[in-house]
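In the numbering used here, the protein residues as written are 5 to 383. Positions of the beta carbon are idealized from the N, C-alpha and C atoms, including for glycine. Note that the coordinates shown come from a computational prediction; the quantities given were computed from them, not determined experimentally.
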């Protein structure tokens with residue numbers, strides 16, 4: 005048998021897959037993986053039913069359907085005041101993860117570095133490594149804020165990319181105006197640097213308003229912005245997102261995109277093009293804020309310490325009053341013994357440092373939240 009040299013020798017099964025498998029195995033309530041368990045908007049379903057009956061079953065154009073590209077451009081203009089060219093500066097992707105991967109492949113070459121802020125989404129670093137680059141991991145503060153002086157100190161002549169996630173998964177934090185200003189100033193002081201802004205939870209923010217990097221005119225010529233229809237419309241299984249970037253960067257991205265997927269699901273694209281003009285995206289934050297408040301209210305009598313949650317549909321909690329176990333072992337015990345599956349936050353850290361934090365997903369219907377919190381309050 006021939007031997008194969010792994011391109012990702014240190015990558016195993018993700019903690020998300022492990023915990024979801026355990027949730028099924030032990031019949032636990034799954035608050036681990038980040039997907040909603042409630043129905044999508046009836047209007048969206050009706051649109052999809054009509055599209056399925058139509059003649060939209062063949063390949064869409066490589067960058068995306070013209071109608072959807074136009075609607076995305078209008079969305080960006082409406083919400084962020086940025087006028088982008090639909091054919092030149094937008095790309096429809098097979099989920100946000102593919103957008104992230106493709107953007108990284110476009111700018112990272114062998115020997116280049118990319119800064120990753122931990123805890124981080126687990127696709128960032130492997131995508132950098134597959135491009136031949138080196139991810140430079142910088143730990144966020146315990147409250148998931150960022151020390152931007154540490155970030156700047158890590159930038160070298162080989163650093164080509166800074167990756168940020170706002171609103172932040174798993175921390176549930178949202179960048180302030182001061183954070184966005186700090187990013188902008190770093191980019192201006194380092195003109196060789198590109199920025200990848202993962203904004204898949206852009207409409208899920210609460211008291212702290214989300215500020216998109218779309219709003220920063222001075223650095224728009226060096227930024228990639230990633231968005232997700234799956235997160236916005238509760239259709240994670242459709243695996244459809246998009247990327248915004250200036251034309252000269254998008255031209256390079258498209259060269260790679262065409263050899264990864266070429267084009268994205270045709271019926272989903274047509275459905276979203278029909279649905280976007282009638283969708284009220286401004287209401288999404290209020291929708292999830294009610295779920296956050298419902299979950300937090302039911303957890304008041306628990307022994308978990310709930311951290312501040314400003315955005316996303318994740319709630320981080322500290323369990324020091326309950327156990328001295330590491331977060332991975334505690335998460336497994338939660339699943340096996342108490343019937344609720346959660347995610348250990350150390351799985352988002354390259355150095356695996358453990359602050360005794362776990363992450364709950366509250367993108368669930370009321371019945372699920374009630375049943376889960378009843379179990380959690382008994383621990």
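Whole-angstrom C-beta distance between residue j and residue i, which should lie under 8 angstroms
i	j	result
residue 95	residue 258	6 angstroms
residue 345	residue 39	13 angstroms between Cβ atoms; not a contact.
residue 274	residue 18	Going by Cβ atoms, the distance from residue 274 to residue 18 rounds to 32 angstroms, so no, they are not a contact pair.
residue 175	residue 123	7 angstroms
residue 171	residue 113	Contact doesn't hold; Cβ gap of about 30 angstroms is too wide.
residue 314	residue 101	So it is not a contact: roughly 23 angstroms between Cβ atoms.
residue 247	residue 339	That pair is no contact at about 35 angstroms.
residue 36	residue 365	7 angstroms
When the options are compared against residue i, the one with the closest alpha-carbon
i	options	result
residue 190	361, 223, 178, 73	223
residue 91	272, 255, 21	255
residue 348	173, 304, 226, 373	173
residue 135	117, 53, 300, 314	117
residue 260	382, 378, 35, 104	104
residue 16	318, 302, 54, 127	127
residue 181	219, 160, 263	219
residue 93	252, 57, 244, 52	252
residue 65	205, 30, 266	266
Nearest-angstrom Cα separation, counted from residue j out to residue i
i	j	result
residue 236	residue 7	43 angstroms
residue 333	residue 298	28 angstroms
residue 61	residue 269	9 angstroms
residue 115	residue 355	22 angstroms
residue 155	residue 197	12 angstroms
residue 358	residue 80	38 angstroms
residue 72	residue 22	36 angstroms
residue 319	residue 328	20 angstroms
residue 323	residue 362	8 angstroms
residue 14	residue 131	13 angstroms
residue 221	residue 229	13 angstroms
Residue environment, residue i, which counts as buried when at least 16 other CB atoms sit within 10 Å
i	result
residue 401	There is simply no residue 401 to check, as the chain begins at 5 and stops at 383 in what is shown.
residue 241	exposed
residue 67	buried
residue 28	exposed
residue 137	buried
residue 169	buried
residue 144	buried
(message) For the structure I just gave you, are there three or more beta carbon pairs, one from the segment 108-123 and one from the segment 83-92, closer than 8 angstroms?
(response) no
(request) Assess, as a yes-or-no matter, whether the segment 137-156 is touched by the segment 279-293 under the definition of 3 or more beta carbon pairs within less than 8 angstroms. (result) Segments in contact, no.
(message) Contact between the segment 160-169 and the segment 42-53 is defined here as three or more beta-carbon pairs at a separation below 8 angstroms; is this criterion met?
(response) Touching, no.
(request) Taking 8 angstroms as the threshold, find out whether the segment 218-234 comes into contact with the segment 301-308 through three or more Cβ pairs. (result) no
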